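Below is one structure; the comments refer to it alone.
Number of protein chains: 2
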Amino acid sequence: MANEKVCGFVHGVYLRLQSLIARFLSRIWRFLEKAWELGASEPRKVIHCLKVGVALSLVSLFYYMRPLYDGVGGTAMWAVMTVVVVFEYTVGATLYKCINRATGTFLAGSLGIGVHWVASQSGEKFEAIIAGILVFILASAATFSRFIPSIKARFDYGAMIFILTFSLVSVAGYRVEKLFEMAHNRVSTIVLGTSICIFTSMLICPVWAGNELHLLIYRNMEKLADSLDGCVAEYFNRDGTAKSSNHDFGKKMQGYKCALNSKASEESMANFARWEPAHGHFNFRHPWKQYLKIGAAMRNCACCVESLSGCINSQIQIPEFLKKNFSEVCMRLSSHCSEVLRALVVTMKTMTKSSMTDLLVEEMNFAVQELQNALKALPNQLISPHGSVNDAKGDTTSKQFIVPVIEIVPLATTISLLSEIAARIEGIVDAVDDLADLAGFKPATDNKSKQSQCTTDKIDDETMKVLQKV
Amino acid sequence: MANEKVCGFVHGVYLRLQSLIARFLSRIWRFLEKAWELGASEPRKVIHCLKVGVALSLVSLFYYMRPLYDGVGGTAMWAVMTVVVVFEYTVGATLYKCINRATGTFLAGSLGIGVHWVASQSGEKFEAIIAGILVFILASAATFSRFIPSIKARFDYGAMIFILTFSLVSVAGYRVEKLFEMAHNRVSTIVLGTSICIFTSMLICPVWAGNELHLLIYRNMEKLADSLDGCVAEYFNRDGTAKSSNHDFGKKMQGYKCALNSKASEESMANFARWEPAHGHFNFRHPWKQYLKIGAAMRNCACCVESLSGCINSQIQIPEFLKKNFSEVCMRLSSHCSEVLRALVVTMKTMTKSSMTDLLVEEMNFAVQELQNALKALPNQLISPHGSVNDAKGDTTSKQFIVPVIEIVPLATTISLLSEIAARIEGIVDAVDDLADLAGFKPATDNKSKQSQCTTDKIDDETMKVLQKV
Numbered sequence: 011m012a013n014e015k016v017c018g019f020v021h022g023v024y025l026r027l028q029s030l031i032a033r034f035l036s037r038i039w040r041f042l043e044k045a046w047e048l049g050a051s052e053p054r055k056v057i058h059c060l061k062v063g064v065a066l067s068l069v070s071l072f073y074y075m076r077p078l079y080d081g082v083g084g085t086a087m088w089a090v091m092t093v094v095v096v097f098e099y100t101v102g103a104t105l106y107k108c109i110n111r112a113t114g115t116f117l118a119g120s121l122g123i124g125v126h127w128v129a130s131q132s133g134e135k136f137e138a139i140i141a142g143i144l145v146f147i148l149a150s151a152a153t154f155s156r157f158i159p160s161i162k163a164r165f166d167y168g169a170m171i172f173i174l175t176f177s178l179v180s181v182a183g184y185r186v187e188k189l190f191e192m193a194h195n196r197v198s199t200i201v202l203g204t205s206i207c208i209f210t211s212m213l214i215c216p217v218w219a220g221n222e223l224h225l226l227i228y229r230n231m232e233k234l235a236d237s238l239d240g241c242v243a244e245y246f247n248r249d250g251t252a253k254s255s256n257h258d259f260g261k262k263m264q265g266y267k268c269a270l271n272s273k274a275s276e277e278s279m280a281n282f283a284r285w286e287p288a289h290g291h292f293n294f295r296h297p298w299k300q301y302l303k304i305g306a307a308m309r310n311c312a313c314c315v316e317s318l319s320g321c322i323n324s325q326i327q328i329p330e331f332l333k334k335n336f337s338e339v340c341m342r343l344s345s346h347c348s349e350v351l352r353a354l355v356v357t358m359k360t361m362t363k364s365s366m367t368d369l370l371v372e373e374m375n376f377a378v379q380e381l382q383n384a385l386k387a388l389p390n391q392l393i394s395p396h397g398s399v400n401d402a403k404g405d406t407t408s409k410q411f412i413v414p415v416i417e418i419v420p421l422a423t424t425i426s427l428l429s430e431i432a433a434r435i436e437g438i439v440d441a442v443d444d445l446a447d448l449a450g451f452k453p454a455t456d457n458k459s460k461q462s463q464c465t466t467d468k469i470d471d472e473t474m475k476v477l478q479k480v
Numbered sequence: 011m012a013n014e015k016v017c018g019f020v021h022g023v024y025l026r027l028q029s030l031i032a033r034f035l036s037r038i039w040r041f042l043e044k045a046w047e048l049g050a051s052e053p054r055k056v057i058h059c060l061k062v063g064v065a066l067s068l069v070s071l072f073y074y075m076r077p078l079y080d081g082v083g084g085t086a087m088w089a090v091m092t093v094v095v096v097f098e099y100t101v102g103a104t105l106y107k108c109i110n111r112a113t114g115t116f117l118a119g120s121l122g123i124g125v126h127w128v129a130s131q132s133g134e135k136f137e138a139i140i141a142g143i144l145v146f147i148l149a150s151a152a153t154f155s156r157f158i159p160s161i162k163a164r165f166d167y168g169a170m171i172f173i174l175t176f177s178l179v180s181v182a183g184y185r186v187e188k189l190f191e192m193a194h195n196r197v198s199t200i201v202l203g204t205s206i207c208i209f210t211s212m213l214i215c216p217v218w219a220g221n222e223l224h225l226l227i228y229r230n231m232e233k234l235a236d237s238l239d240g241c242v243a244e245y246f247n248r249d250g251t252a253k254s255s256n257h258d259f260g261k262k263m264q265g266y267k268c269a270l271n272s273k274a275s276e277e278s279m280a281n282f283a284r285w286e287p288a289h290g291h292f293n294f295r296h297p298w299k300q301y302l303k304i305g306a307a308m309r310n311c312a313c314c315v316e317s318l319s320g321c322i323n324s325q326i327q328i329p330e331f332l333k334k335n336f337s338e339v340c341m342r343l344s345s346h347c348s349e350v351l352r353a354l355v356v357t358m359k360t361m362t363k364s365s366m367t368d369l370l371v372e373e374m375n376f377a378v379q380e381l382q383n384a385l386k387a388l389p390n391q392l393i394s395p396h397g398s399v400n401d402a403k404g405d406t407t408s409k410q411f412i413v414p415v416i417e418i419v420p421l422a423t424t425i426s427l428l429s430e431i432a433a434r435i436e437g438i439v440d441a442v443d444d445l446a447d448l449a450g451f452k453p454a455t456d457n458k459s460k461q462s463q464c465t466t467d468k469i470d471d472e473t474m475k476v477l478q479k480v
């Protein structure tokens, strides 16, 4: 009996252990699967990891090969540490950290040595006290400077390195006489580490923060255009209700959320981009700050699209004939809006200033006006008091349809949100125009980009249609 | 003559130099003024700076006093470095960095020593190659793990420290025989540094990330309520046009922007908060993630408020009598909406679950219904075709006012945006309810908070009024 009990117990423990291990393994498996997906979808991130490995191996190699080495804490460490701490995904971030690290170390080092010299003139006892007080004051001041927005954006890391180096020099300087030698060693290893980082980051598949920002902004603009189109099409159900259940379509409609949520990444990329040298089509002093304004204008517009998508799910149904009547005008406005956005995308993609954009904006405004006119013309066709249906029926000469006011509320909302969206798109246009002026975009020519030409052809057709109608 | 020329030149240089220095000084002065303002408006940041100074002085003192010290690169450095790098504004961020630093160092250190031992068995030549390959592989893998969102949120710094320590041990281990001594020194100094940081950060005026997040969320909620009130009041011009020029009022109306823009800070604070021990009213496993959901629901609502504020500036004027007619219903709905928000603020502030909120939500929904009813009742009073004014005038028995449809569009938009805002506020209510359940908020009692009682009294009055009207 006892044997059986023990057997059962052991078997139970075995089973529990087995399920525990199985769960653990499946969890790890899922984690690895996710990691694989991430790597497969963004191969540049995998390349970045290999770059870090290369940079570290280079630094290690340097120390394996040469007899430069003098002790753990000496020089080897600083170069390795610099590479690990300073190597970032984008070139801009790496440069920002390298320059900040070098400057912070240099400033704090020379200040520390100066202070050490002054303090050493006043006897050993005073030296410790003076050094302690200075560490306190300078560390507090440098920490405070990190809260000031303009410093935080550009020199946050530098301020930290300043505190670090100054404290180290003060603490070490109290005991070590070979201060200058140490300083020299540290500077040379930091130079070694930063230069390895900069070269690896710039020469092997560089990821430019500026380029990423540029891509992010115009991709978000594309997504905004897609979701605007999607929302209005969904509302007027042009292609039947089947579309809304389509997964891809739903994803497209949610595109405005990307524009709404990318503020933080835009800001950090703009901060890093200004440290980057000229690359691709971008000069050294490319107006990166203007991208933030474009991003803000886009968020402003995306907010309206989000409200519009909220109104789409409204309970109140618009009468069918009203929908038919307005769907064309609304769809035209929304397609003009998204055309303007797409023209801006082309402007940014090709970095050429197209005169087409102004024309498209005019057309968009014309479509807004058309919509307003359609609204003004509306009463002739259909609105009449809810309570007095029979009155209107009697008055057959004016051929009035009867619609209660409440049923036109969703339509009115859609219309005014669309007008508001058009107004806000003008804000984006202005921001992109400013960018084009600041960055000196060249005027678009026929040969310059096939893509822009493509869009232009399509636009011309539409323009002709509109003009024929007028 | 020549003398005069020289004199003039010297004078010119002197003047230019003077203006240059004056400009430089005024720039520094402005910077200092800004810094002073920042310090005066947020004294806790100044205290944080002093805390950093204290922690650094403590570490330095430790090394000035005790003869523990053995060389620059030895132990002193690691403690100072730990304090500078690890000390952050909030307790949560400091703890996150301390725990990550300690864990990363420990893992990488023991792995490094193990690898070193295995490699050292295979001869000196192979050792360097094996160490180099391992540094490459592990550094790449750890760098990749930093891209995985779940790791990035919790262990980003730890992964970096892992790479750093492993590389250092590999590089150093190749030459240094006193590896264990070095490891022991490093661990003991890191323990010293982190414990000084943790104690300074937790004992002297601690800034808890969790508390900050809690405050941020309910302050944004208050601002949202204010700006909703402000927008609707502005629209219906209850207090005349003078108000809109009032600076404070304008600032209040822009309050929704705080809710829109605080996603990044919410996320980082929620990440840090979960490292914090129990503090104030918050337990160790307080559901910080739920705050992010509340924040998202608020942003959702703020988007609608932003569209509403856009519509307010619309060109089209609503007819005066229509405005009069609807201003009361709309103002009532908006004040119900902001009352719900304020009740949620009280719930969060006092961390007590009030049954009043459900009642207020019902009232809000009732107000939405009222607004719909007012809309439904509208045609009896006023809407009629624009083009057939005379028809309606002739039909004097039904006493119809005549308004073109286009003039009711802004009103219709306001109404449907208000309804949408009410619906989205319900989303916020649900998120706060979930928080109350997850965090185990106690039911509110009369004695518990005067403030909540205060609000309740005010609410009761309004409730009675509404009920009397019904």
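In order, the protein sequences belong to chains A and B. Residue numbers for the first sequence follow the working numbering, so the first one is 11 and each next one is one higher. Residue numbers for the second sequence follow the working numbering, so the first one is 11 and each next one is one higher. All C-beta atoms, glycine included, are put in the ideal place defined by N, C-alpha and C. Nothing here was measured: the structure is a model prediction, and the numbers come from that model.
Task: Buried or exposed (CB count within 10 angstroms, at least 16 for buried), residue 8(A) - done: This structure cannot settle anything about residue 8(A), because the visible part of chain A is limited to 11 through 480.
Open item on the list: For residue 299(A), tell me which candidate among 375(A), 355(A), 279(A) has the shortest Cα-Cα distance.
Closed with: 279(A)
TODO: Would you mind working out which of 292(B), 205(B), 378(B), 245(B) sits nearest residue 334(B), comparing C-alpha positions?
DONE: 245(B)
Open item on the list: Buried or exposed for residue 409(B), going by 16 or more other Cβ atoms inside 10 Å?
Closed with: Any reading at residue 409(B) must be qualified, since the residue scores a pLDDT of 41, below 50, and its modelled position is unreliable; the value itself is stated next. Residue 409(B) comes out exposed.
TODO: Have a look at residue 316(B) and residue 49(B) and give me their C-alpha separation to the nearest angstrom.
DONE: 32 Å
Open item on the list: Cβ closer than 8 Å: which chain A residues qualify as neighbours of residue 153(B)?
Closed with: 58, 59, 62, 63
TODO: Within its chain, find whatever has a CB closer than 7 Å to the CB of residue 231(A); leave out the 5 residues flanking it on each side and keep chain order.
DONE: 308, 351, 354, 355
- [ ] Using a Cβ-Cβ cut-off of 8 Å, state whether residue 430(B) counts as contacting chain A.
- [x] yes
Task: DSSP three-state assignment for residue 453(B), whether helix, strand or coil - done: strand
- [ ] Would you identify the three-state DSSP class for residue 100(A), choosing helix, strand or coil?
- [x] coil
- [ ] Figure out for me which residue from 148(B), 223(B), 190(B) has the closest Cα to the Cα of residue 171(B).
- [x] 148(B)
- [ ] Could you tell me if residue 139(A) is buried or exposed, where buried requires 16 or more neighbouring beta carbons within 10 angstroms of its beta carbon?
- [x] exposed
Open item on the list: Could you compute how far the alpha carbon of residue 372(A) sits from the alpha carbon of residue 349(A)?
Closed with: 12 Å
- [ ] Just the C-alpha distance for residue 470(A) and residue 379(A), rounded to the nearest angstrom, thanks.
- [x] Unreliable positioning characterises residue 470(A) in this predicted model, as indicated by a pLDDT of 48, which lies under 50. The coordinate reading is nonetheless provided below. So the alpha carbons of these two residues sit roughly 20 Å apart.
TODO: Leaving aside the five residues before and after residue 241(A) along the sequence, list all residues of the same chain whose C-beta is less than 7 Å from its C-beta, in chain order.
DONE: 263, 315, 318, 319, 322
Open item on the list: Between which residues of its own chain and residue 284(B) is the CB-CB distance below 6 Å, once the five residues before and five after are set aside?
Closed with: 298
- [ ] Return yes when the Cβ of residue 110(A) is within less than 8 Å of the Cβ of residue 22(A), no when it is not.
- [x] no
Task: Residue environment, residue 206(A), which counts as buried when at least 16 other CB atoms sit within 10 Å - done: buried
Task: Exposure label - residue 383(B); buried when at least 16 CB within 10 Å - done: exposed
Open item on the list: Once DSSP output is grouped into helix, strand and coil, what is the label at residue 296(A)?
Closed with: coil
TODO: Return the Cβ separation of residue 59(A) and residue 154(B) in integer angstroms, given the expectation that the two are a contact with Cβ distance under 8 Å.
DONE: 4 Å
Task: Opening and closing residue of the alpha helix (DSSP H) in which residue 229(B) lies - done: 219-246
Open item on the list: In whole angstroms, give me the CA-to-CA distance for residue 31(A) and residue 144(A).
Closed with: 56 Å
- [ ] Measure the beta-carbon distance from residue 302(A) to residue 277(A) and round it to whole angstroms, keeping in mind my assumption that it falls under 8 Å.
- [x] 7 Å
TODO: Kindly indicate if chain A contains any beta-carbon less than 8 Å away from that of residue 149(B).
DONE: yes
Task: Contact set between the segment 131-146 of chain A and chain B, restricted to residues whose Cβ is under 7 Å from the partner - done: 138, 142, 145, 146
- [ ] Label residue 193(B) either buried or exposed according to how many other C-beta atoms from any shown protein chain fall within 10 Å of its C-beta, with 16 as the threshold for buried.
- [x] buried
Task: Bridge partner(s) assigned by DSSP for residue 363(B) - done: 453(B)
Open item on the list: According to DSSP, simplified to helix, strand and coil, what is residue 291(B)?
Closed with: coil
TODO: Can you have a look at residue 204(B) and say buried or exposed, based on whether 16 or more other CB atoms are within 10 angstroms of its CB?
DONE: buried
Open item on the list: Using only the alpha-carbon positions, how far apart do residue 345(A) and residue 239(A) sit?
Closed with: 6 Å
Task: Integer-rounded CB distance, given that residue 130(A) should sit under 8 Å from residue 181(B) - done: Contact doesn't hold; Cβ gap of about 34 Å is too wide.
Open item on the list: Judging by CA-CA distance, which residue of 362(B), 423(B), 370(B) is the nearest neighbour of residue 447(B)?
Closed with: 362(B)
Open item on the list: On a Cα-Cα basis, can you pick out the residue from 445(A), 365(A), 452(A), 385(A) that is closest to residue 419(B)?
Closed with: 385(A)
- [ ] Specify the secondary structure class of residue 209(B) as computed by DSSP and reduced to three states.
- [x] helix
Open item on the list: Do residue 219(A) and residue 282(A) have their beta-carbon atoms positioned less than 8 Å apart in this structure?
Closed with: yes
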